[in-house]
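**Student:**
Number of protein chains: 2
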Amino acid sequence: MSDQKKIAVLGGGSWATAIVKMLSENLETVGWYMRSESAIEHIKENNHNPKYLRAADVYAHQLNLSSDINSIVQEYNVLIFAIPSAFLMSELAKLNLPLKDKIIFSAIKGIVPETGLIVGEHFHEKHNVPLDNIGVITGPCHAEEVAMERLSYLTIASQNEENAKAMSLCLDSWYIKTKISDDIIGTEYAAMLKNIYAVAAGIAHGLGYGDNFQSVLMSNAIREMKRFIKKVHKMKRNINNSAYLGDLLVTGYSVFSRNRQFGNMIGKGYTVKSAQMEMSMIAEGYYATKSAYKIKEENGANTPIITTVYNVLYDNKDAKKEFKKLTDKLD
Amino acid sequence: MSDQKKIAVLGGGSWATAIVKMLSENLETVGWYMRSESAIEHIKENNHNPKYLRAADVYAHQLNLSSDINSIVQEYNVLIFAIPSAFLMSELAKLNLPLKDKIIFSAIKGIVPETGLIVGEHFHEKHNVPLDNIGVITGPCHAEEVAMERLSYLTIASQNEENAKAMSLCLDSWYIKTKISDDIIGTEYAAMLKNIYAVAAGIAHGLGYGDNFQSVLMSNAIREMKRFIKKVHKMKRNINNSAYLGDLLVTGYSVFSRNRQFGNMIGKGYTVKSAQMEMSMIAEGYYATKSAYKIKEENGANTPIITTVYNVLYDNKDAKKEFKKLTDKLD
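Below you can see the structure in the form of structure tokens.
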């Protein structure tokens, strides 16, 4: 990562746009791949993304925009993926270049539905990217507040400290503070699990549980997250650091979280299908639940919240009854 | 605590009313001391407290109401104090009976301003109540949600497990779940410290910091709380249990918290005095800040958030500048 100019962002959504904005504070040019030609044209003329995070200024003269993923991958050696996990496989299928020599940062916060792997693992196992060349960019960070230049903290995780530091410098600015971590597995699982807990918080809200219960749910969720991640990748970590607890809180307490909205509809009696249709998208937490459930079945972690959400979303169990049972397992 | 009928609540506010309601689910009669004769008359006629927590049904036929603190203390051997800490000393001054043979539970969540002691310590040191006879009733629990019979979890802490269990049984009901703890010092300090962090959250909000920052602040607050309590009373505890983290979250994320409101006004530029006048009361966190600052000065705990709030509230420092400095100490 010696040449900071060679960083590209892949993805056209809110979080991708926020990352481009953050990088633009430090870099002369940023590569940016997105599918939509019309969005690219709009950005070139208006200096903002037409559909996502419109409030964020992104200046065309700093951007190397392209709707051709191969040309961006060819030209840049550091790639930040910020494509929703549901579309990652189909985007990667377009590649006719190898990724194994690239430095890959995941800003995806989810699980690849087709493989059930967290994104870092997916790049490692399916694209032969060495673990040392993989990193994670994680919050707590709503993209909307980046657009407003409200102070936010990011954690940049990589086994390769030099890469983490270099990326950290590229993202740091007067409204972004960064810290580095070597817990790439833990931070990525935390980012994924928090979406499940946000779904749980939404279901509880939809069922009529109040703030007292939500605080107990979050208090149990962070303990459950700690147990889960410890089973997956045991190392010394403080689960109350911002990348874990902070990320859980910003999502679990956000009424804007799509995962929480999705859960809320389930709690109010929508079926999974009708909630998904109503939202015209699928919440990351939906896929995360299935994968996390499978993983905890394999490693034996005690995760009553994940199990409850799984039973409701995938086993067609009654949300009210399942949460009633859950309340006896929390403390 | 063999005779469950001998429990009385002292205090006429929302939290006292909520506790009376919870006890009424299990006990035939509950003693209830409050200063206001007119409130007592109102409750006798209307089965609800006229000024606080009006939505909670409390049935006069189950209550032994009195505005004479001595008659209640005379008649009952288990006393639950739910008087705001600012008024505790003046109420206790009315006593002409000793407390040393009573079982005392504190539901006060604050510090006694005149002595700088947490309530349990105050009863122990100033009224010769043996530590074994002292307990704490703690949330996370907004009284308003008790009135609505929304599921809430309480922690009952006492060194005397039998007393804790007995009280726990008296409070438990279809909408209240209880757990016991032997960490009377830790739970009481947590309940007090969380008010300071709620003031901090309010100041940050008033200054224009957003949700991303709040989650970082709370993530740092729980780590700071852990360090502080460890210095005061070292024992094995999981700071992420509901009595610590849950209580922090329900207060820190509540827009109804008086401590948060107070902080918010400070953040918006009110002086301490004008904020207090505007609110026509003093937030518990105001006193807690002074006491906690003194304690951390003595024991050397690293508490940047408490120090920042202290500097703003007591040292007349500029909130904006102090929080700017604080942001560099968080991660």
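Chains A and H, in that order, are what the protein sequence lines are.
Under my numbering, the letters of the first sequence match residues 164 to 494, in that order.
Under my numbering, the letters of the second sequence match residues 164 to 494, in that order.
Note that CB positions come from ideal geometry on N, CA and C, so glycine has one too.
1. List the residues of chain A whose Cβ lies closer than 9 Å to the Cβ of SER315/H, in chain order.
2. Fully enclosed by the segment 361-413 of chain A, which alpha helix (DSSP H) runs are 4 residues long or longer?
3. Spatial neighbours of ILE281/H within its chain, please: C-beta separation below 7 Å, excluding the five flanking residues on both sides.
4. My output table needs one value for ILE271/A: the three-state DSSP class, helix, strand or coil.
5. Exposed or buried, which one is GLU447/H when buried takes at least 16 other CB atoms within 10 Å?
6. So, does the segment 416-434 of chain A touch the segment 239-255 of chain A, judging by three or more C-beta pairs under 8 Å?
7. Where do the ends of the alpha helix (DSSP H) carrying TRP508/H lie?
8. Can you tell me whether DSSP reads ASN465/A as helix, strand or coil?
9. Just reading off the beta strand (DSSP E) that SER321/H is part of, what are its end residues?
10. Determine the contact status of HIS290/H and LEU334/H, defining contact as a CB-CB distance below 9 Å.
11. Find the residues of chain H that neighbour LYS342/A, judging by a C-beta separation of less than 9 Å, and give them in chain order.
12. May I have a chain-ordered list of the beta strand (DSSP E) segments no shorter than 3 residues that lie completely inside the segment 276-331 of chain A?
13. With DSSP as the reference, label LEU489/A as helix, strand or coil.
14. From which residue to which residue does the beta strand (DSSP E) around ILE170/A run?
15. Pull out every residue of the segment 296-327 of chain A whose Cβ sits closer than 9 Å to any Cβ of chain H, in chain order.
16. Please work out which residues of its chain come closer than 7 Å, Cβ to Cβ, to ASP481/A, disregarding the five sequence neighbours upstream and downstream, and give them in chain order.
17. Can you tell me whether DSSP reads PHE244/H as helix, strand or coil?
18. First and last residue of the alpha helix (DSSP H) that includes ASN233/A?
19. Go ahead and label SER443/A buried or exposed: buried means 16 or more other beta carbons lie within 10 angstroms of its beta carbon, across all protein chains shown.
20. Since ASN210/A is in the alpha helix (DSSP H), which residue starts that stretch and which ends it?
21. Taking GLY409/H as the query, report the chain A residues whose CB atoms sit under 8 Å from its CB, ordered along the chain.
22. Measuring CB to CB, does LYS265/A end up less than 9 Å from VAL299/A?
23. What is the DSSP secondary structure of LYS265/A, counted as helix, strand or coil?
24. Check whether the segment 191-202 of chain H touches the segment 219-238 of chain H, counting contact only when three or more Cβ pairs, one atom from each stretch, lie closer than 8 Å.
25. Does DSSP put LYS340/H in a helix, in a strand, or in coil?
26. If the cut is a Cβ gap below 7 Å, which residues of chain H does VAL413/A touch?
27. Looking only at its own chain, which residues have a Cβ that is under 8 Å from the Cβ of VAL413/A, when we skip the five neighbours before and after it?
28. Please report the distance separating the alpha-carbon of ALA363/H from that of ASP410/H.
29. In the DSSP output, what is LEU226/A paired with across the bridge?
30. Three-state secondary structure (DSSP) at TYR477/H?
31. To the nearest angstrom, report how far apart ASN474/A and ILE246/A are at their CA atoms.
32. Classify GLN167/H as helix, strand or coil using the three-state DSSP reduction.
33. If you run the structure through DSSP and keep just helix, strand and coil, what is LEU356/A?
34. For SER405/H, go through chain A and note every residue whose CB falls closer than 9 Å to its CB, in chain order.
35. Chain A partners of TYR416/H, CB-CB under 7 Å?
36. Give me the Cα-Cα distance between LYS484/A and HIS368/A, rounded to the nearest whole angstrom.
**Tutor:** On the basis of the supplied data:
1. Along the second sequence, one-based indexing puts residue 315/H at 152. Result: GLY373, ASN375, PHE376 and VAL379.
2. Those alpha helix (DSSP H) runs which fall completely within the segment 361-413 of chain A and span 4+ residues are 374-395.
3. Taking the first residue of the second sequence as 1, we reach residue 281/H at position 118. Around ILE281/H: ILE274, GLU351, TYR352 and MET355.
4. Position 108 of the first sequence holds residue 271/A. Of the three classes helix, strand and coil, the one that applies to ILE271/A here is coil, per DSSP.
5. Counting from one through the second sequence, the residue named residue 447/H turns up at place 284. Result: buried.
6. no
7. In the structure as shown, chain H starts at 164 and stops at 494, and residue 508/H therefore has no counterpart that could be examined.
8. Here the question's residue 465/A lines up with position 302 in the first sequence. Note: ASN465/A maps to coil in three-state DSSP.
9. Residue numbering aside, residue 321/H sits at position 158 when the second sequence is read from its first letter. Its beta strand (DSSP E) spans residues 315-321.
10. Here residue 290/H is taken as the residue at index 127 of the second sequence, counted from 1. Here residue 334/H is taken as the residue at index 171 of the second sequence, counted from 1. No, the pair does not count as a contact, with Cβ atoms beyond the cut-off.
11. Looking up residue 342/A in the first sequence gives position 179. Within 9 Å Cβ-Cβ: ASP494.
12. For secondary structure counted as the beta strand (DSSP E) over 3 or more consecutive residues, the segment 276-331 of chain A holds these complete runs in sequence order: 297-301 and 315-321.
13. Residue 489/A sits at position 326 when you count from the first residue of the first sequence. Of the three classes helix, strand and coil, the one that applies to LEU489/A here is helix, per DSSP.
14. Mapped onto the first sequence, residue 170/A falls at position 7. 170-173 is the span of the beta strand (DSSP E), which, as asked, contains ILE170/A.
15. Cβ contacts with chain H come from GLY302, PRO303, CYS304, HIS305, GLU307, GLU308, VAL309, MET311, ARG313, LEU314, SER315, TYR316 and THR318.
16. Locating residue 481/A in the first sequence gives position 318, where the first residue counts as 1. Cβ-Cβ distances below 7 Å link ASP481/A to nothing in the same chain once the five nearest sequence neighbours on each side are left out.
17. Position 81 of the second sequence, counted from the start, is the residue given in the question as residue 244/H. If DSSP states are grouped into helix, strand and coil, PHE244/H belongs with the strands.
18. The residue you call residue 233/A lines up with position 70 of the first sequence. Looking at the DSSP string, the run of the alpha helix (DSSP H) that includes ASN233/A is 232-238.
19. Working through the first sequence from its first residue, we reach residue 443/A at position 280. So SER443/A ends up on the exposed side.
20. As a working note, residue 210/A is residue 47 in the first sequence. Looking at the DSSP string, ASN210/A is not in any alpha helix (DSSP H), and its letter there is neither H nor E.
21. Here residue 409/H corresponds to residue number 246 of the second sequence, with the count starting at 1. Result: SER378, VAL379, MET381 and SER382.
22. Against the first sequence, residue 265/A aligns to sequence position 102. Against the first sequence, residue 299/A aligns to sequence position 136. Cβ atoms of LYS265/A and VAL299/A: not closer than 9 Å.
23. Taking the first sequence and counting its residues from 1, the one referred to as residue 265/A is at position 102. The three-state secondary structure of LYS265/A, taken from DSSP, is coil.
24. yes
25. Residue numbering aside, residue 340/H sits at position 177 when the second sequence is read from its first letter. Correct three-state label for LYS340/H: strand.
26. Here residue 413/A refers to the residue found at position 250 when the first sequence is read from its first residue. Listed by position along chain H, the residues whose Cβ is nearer than 7 Å to that of VAL413/A are ASP374, ASN375 and SER378.
27. The residue given as residue 413/A occupies position 250 in the first sequence. Take VAL413/A, set aside five residues on each side of it, and the residues of its chain with a beta-carbon closer than 8 Å to its own are GLY302, PRO303, CYS304 and HIS305, in chain order.
28. One-based indexing of the second sequence puts residue 363/H at position 200. One-based indexing of the second sequence puts residue 410/H at position 247. Looking at the two C-alpha atoms, the distance is approximately 15 Å.
29. Taking the first residue of the first sequence as position 1, residue 226/A is located at position 63. Answer by DSSP bridge pairing, in chain order: VAL193/A.
30. Locating residue 477/H in the second sequence gives position 314, where the first residue counts as 1. The answer is coil: DSSP assigns TYR477/H none of H, G, I, E or B.
31. Counting from one through the first sequence, the residue named residue 474/A turns up at place 311. Counting from one through the first sequence, the residue named residue 246/A turns up at place 83. Cα-Cα distance, rounded: 28 Å.
32. As a first step, residue 167/H must be located in the second sequence, where it is residue number 4. The predicted model places GLN167/H with a pLDDT of 48, which falls under 50 and marks its position as unreliable, so this point remains unresolved.
33. Within the first sequence, residue 356/A is the residue found at index 193, counting from 1. Helix at LEU356/A.
34. Locating residue 405/H in the second sequence gives position 242, where the first residue counts as 1. Neighbours of SER405/H on chain A, chain order: SER378, VAL379, SER382, ASN383, LEU493 and ASP494.
35. Numbered from 1 along the second sequence, position 253 holds the residue referred to as residue 416/H. Those are TYR416, listed as they occur along chain A.
36. On the first sequence, residue 484/A is found 321 positions in, with the first residue counted as 1. On the first sequence, residue 368/A is found 205 positions in, with the first residue counted as 1. Answer to the nearest angstrom: the Cα atoms are 14 Å apart.
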